[in-house]
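> Following this message is one structure expressed as structure tokens.
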């Protein structure tokens, strides 16, 4: 189970996401899907053409999420890649949490995709991943 | 909300002790009309800034302030260059986001009959929106020259006149840029974006000098503004993905190395490093690269604007008097000297959503403007146009040579979209004589004029405070929204 809701609760000039999921992997996927819903104004299921293996290890889950989403922005900005399907594993047993896995991407098409927002950066603004009533929750704010 | 004490007309203070760890007081510059609308988040952020090591005199909030990340937008703070810190959160993700004004000798009557054609040409010549690429073909070596030389690279490559360079803050080249401090990721994000507007609140606008709003005709004349109805072009954009990546890279590095530097932050977005540390020096060098890239970006856009006007009006840009009035950064950190406690100190002034405001006689002001002060360009919403000020000695003496940068947002993007649809706004603006072109109708609705503070209110506030002097107001005729 995962969900995202686009929200402006925490910021006047920018946009954020309210996220909930039953696992950390699903939370990261919800954040990725929500971020591209902000960029593209909606989601469309398209055929994936590029597969990439991604792996990050950082000091905290929050940093891990920021780094993960920042990587997706980088890939979109430089290669026009839009993530479609995720096969992720997140480990938290070690001192430093880690996300690894494969992502299937499709290419951005300027005519069809009609992008709405350019995200400058993922912020740490009041970012706090917590577990309430069996669900992982957090919000994440983007600088537009 | 933390208690603010009004200490003089237009000035509110939050004393040391209002929040644990504050090293200096906070000064909020505003007006009786605007002060009630100040966001609690802004006060929380600016009091966090007042806790940073090496901060001098006070942390300052401008009348257009709104919530940012780390610093509020409209935040100014100066740090001792030996004992202070440098923070990406005090500069912003869009390093050297700034404003440029280009004057012409054309009038509204000259432009209106060909406005539609002009806008089509500008829309083609200056790419806007998400994922656009600029027309300047740069390899890595040439891009590195852009990072180091900024507008001066443009002059060497036929995109700038000597006067353009002279009329840009620091001649469009911030000293200290070092390409070794820039990541490969930043290079790959920025290499093909020189000459692009970007999206969000960035724009290219055709404006005119408004009737009854030429407040100081003598100063205006020095700046090349001579009559009501004169056409002016305004450009608002920054360092694009290049600057965003540099800010992201160093925020990450400063967070990782906080312990090494013996620093703890109240807010992760306020991550900082000592100015004199290797990390601090590297960030300044990378920030300067991004700032120079942004100067070059606005300069290349100026070149494309001139070409479009030449095509549409069949006259040379020189014949149409198309020269840069000024180009000024509003997201930047600069080393500048100020008197603190009777001693001249070298400080690193962080201006995030704030503009340098140097007064008459300052040798950093272009020679032709030196008798009146440095031009300060303030962007409003796409419905309200821009305001042109000059800097003052008072700003230098009291507020580290700083003033406001824009109107400041008061309504979220979602709220704005709930109130108006992009298509309707475009029609309404057309009925009021403002033509708008955009790639995103929903993005247009988000930038509606009612989402911002009234530019005349914030202009009045800084004029009354004496930290910049209002010269003229320009109204929009046509706008390309990024």
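Chains as they are written, first to last, in the working numbering: chain Z, 1 to 144; chain Y, 1001 to 1482. C-beta: ideal position from N, C-alpha, C; glycine also. In this text the structure is predicted, and so the values were computed from the model without any measurement.
1. Are the region 1016-1033 of chain Y and the region 98-107 of chain Z in contact at 8 Å, needing three or more beta carbon pairs?
2. Roughly how many whole angstroms lie between the Cα atoms of residue 1330(Y) and residue 1352(Y)?
3. Candidates 1174(Y), 1203(Y) and 1064(Y): which alpha carbon is nearest residue 1128(Y)'s?
4. Touch check for the region 1129-1140 of chain Y and the region 1330-1344 of chain Y: three-plus C-beta pairs under 8 Å?
5. Below 9 Å on C-beta distance, what does residue 117(Z) contact in chain Y?
6. Which residues in the same chain have their Cβ closer than 7 Å to the Cβ of residue 1255(Y), if we skip the five residues on either side of it in sequence?
7. Could you tell me which residues DSSP pairs with residue 1347(Y) in its beta bridges?
8. For residue 5(Z), does the three-state DSSP call read helix, strand or coil?
9. Could you please give the first and the last residue of the uninterrupted beta strand (DSSP E) stretch that includes residue 1471(Y)?
10. Find out if the Cβ-Cβ distance for the pair residue 1482(Y), residue 1243(Y) is shorter than 9 Å.
11. Using only the alpha-carbon positions, how far apart do residue 1343(Y) and residue 1009(Y) sit?
12. Where residue 1072(Y) and residue 1354(Y) are concerned, what is the direct C-alpha to C-alpha distance, given to the nearest angstrom?
13. Examine chain Y for any beta-carbon lying closer than 9 Å to the beta-carbon of residue 141(Z), and answer yes or no.
14. Need the endpoints of the beta strand (DSSP E) that residue 1212(Y) sits in, please.
15. Enumerate in chain order the residues of its own chain whose CB-to-CB distance from residue 1003(Y) is below 8 Å, with the five nearest sequence positions on each side excluded.
16. If you measure between the beta carbons of residue 123(Z) and residue 1185(Y), is that distance less than 9 Å?
17. Residue 1269(Y) touches chain Z at which residues, Cβ-Cβ below 7 Å?
18. Which residues in chain Y have a C-beta closer than 7 Å to the C-beta of residue 37(Z)? List them in chain order.
19. Does the separation of the CB atoms of residue 111(Z) and residue 1440(Y) fall below 9 Å?
20. Using beta carbons (cut-off 9 Å, strictly below), is residue 32(Z) in contact with chain Y?
21. Count the CB pairs spanning the region 1381-1393 of chain Y and the region 1045-1063 of chain Y that are closer than 8 Å, and state whether there are at least three.
22. Helix or strand or just coil, what does DSSP make of residue 1113(Y)?
23. Compare the C-beta of residue 6(Z) with all C-beta atoms of chain Y and state if any pair is closer than 9 Å.
24. Who are the Cβ neighbours of residue 1372(Y) in its own chain at under 7 Å, not counting the five residues just before and after it?
25. Compute the beta-carbon to beta-carbon distance between residue 1395(Y) and residue 1421(Y), rounded to the nearest angstrom, for a pair I have assumed lies under 8 Å.
26. For residue 1137(Y), name the three-state secondary structure that DSSP assigns.
27. What's the call for residue 1298(Y), buried or exposed, on a 16-neighbour Cβ count within 10 Å?
28. Would you list, in chain order, the members of the region 1153-1186 of chain Y that have their beta-carbon closer than 8 Å to a beta-carbon of chain Z?
29. Where does residue 117(Z) sit, in a helix, a strand or coil, going by DSSP?
30. Consider the Cβ of residue 41(Z): report whether some Cβ of chain Y lies at a distance smaller than 9 Å.
31. Just the Cα atoms here: how many angstroms apart are residue 1161(Y) and residue 1230(Y)?
Reading from the atomic positions:
1. Because the criterion of three Cβ pairs below 8 Å is not met, the region 1016-1033 of chain Y and the region 98-107 of chain Z do not touch.
2. Rounded to whole angstroms, residue 1330(Y) to residue 1352(Y) spans 6 Å at the Cα level.
3. If we check each option's Cα against that of residue 1128(Y), 1203(Y) comes out closest.
4. The region 1129-1140 of chain Y, when compared against the region 1330-1344 of chain Y, does not touch it at the 8 Å Cβ threshold.
5. Those are 1130, 1199, 1200, 1413, 1440, 1442, 1443 and 1446, listed as they occur along chain Y.
6. Correct list, in chain order: 1268 and 1271.
7. Answer is 1080(Y) and 1336(Y), bridged to residue 1347(Y).
8. Here residue 5(Z) carries a strand assignment [DSSP, helix/strand/coil].
9. Looking at the DSSP string, the run of the beta strand (DSSP E) that includes residue 1471(Y) is 1468-1481.
10. No, the Cβ-Cβ distance between residue 1482(Y) and residue 1243(Y) is not below 9 Å.
11. Whole-angstrom Cα-Cα distance: 27 Å.
12. So the alpha carbons of these two residues sit roughly 10 Å apart.
13. At least one C-beta of chain Y is nearer than 9 Å to the C-beta of residue 141(Z).
14. Looking at the DSSP string, the run of the beta strand (DSSP E) that includes residue 1212(Y) is 1203-1214.
15. Cβ-Cβ distances below 8 Å link residue 1003(Y) to 1014 and 1018 in the same chain, with the five nearest sequence neighbours on each side left out; the list follows chain order.
16. Cβ atoms of residue 123(Z) and residue 1185(Y): not closer than 9 Å.
17. Residues of chain Z passing the Cβ test: 123, 124 and 125.
18. Correct list: empty, because the minimum Cβ distance to chain Y is about 12 Å.
19. Not closer than 9 Å, so no.
20. It does not: the Cβ of residue 32(Z) has no partner Cβ on chain Y nearer than 9 Å.
21. With a cut-off of 8 Å, the region 1045-1063 of chain Y and the region 1381-1393 of chain Y do not count as touching, because too few Cβ pairs lie within range.
22. Judged by DSSP in its simplified three-state form, residue 1113(Y) adopts helix.
23. Residue contact with chain Y for residue 6(Z): present (Cβ-Cβ distance below 9 Å to some residue of chain Y).
24. Counting only Cβ-Cβ distances below 7 Å, and skipping sequence neighbours, we find 1219, 1222, 1360 and 1390.
25. About 41 Å separates the two Cβ atoms, so there is no contact after all.
26. Coil at residue 1137(Y), not helix or strand.
27. Residue 1298(Y) should be labelled buried.
28. Residues of the region 1153-1186 of chain Y with a Cβ closer than 8 Å to any Cβ of chain Z, in chain order: 1185.
29. Look at residue 117(Z) here: in three-state DSSP terms it is coil, with no helix or strand label.
30. It does: the Cβ of residue 41(Z) has a partner Cβ on chain Y nearer than 9 Å.
31. So the two alpha carbons sit approximately 22 Å from each other.
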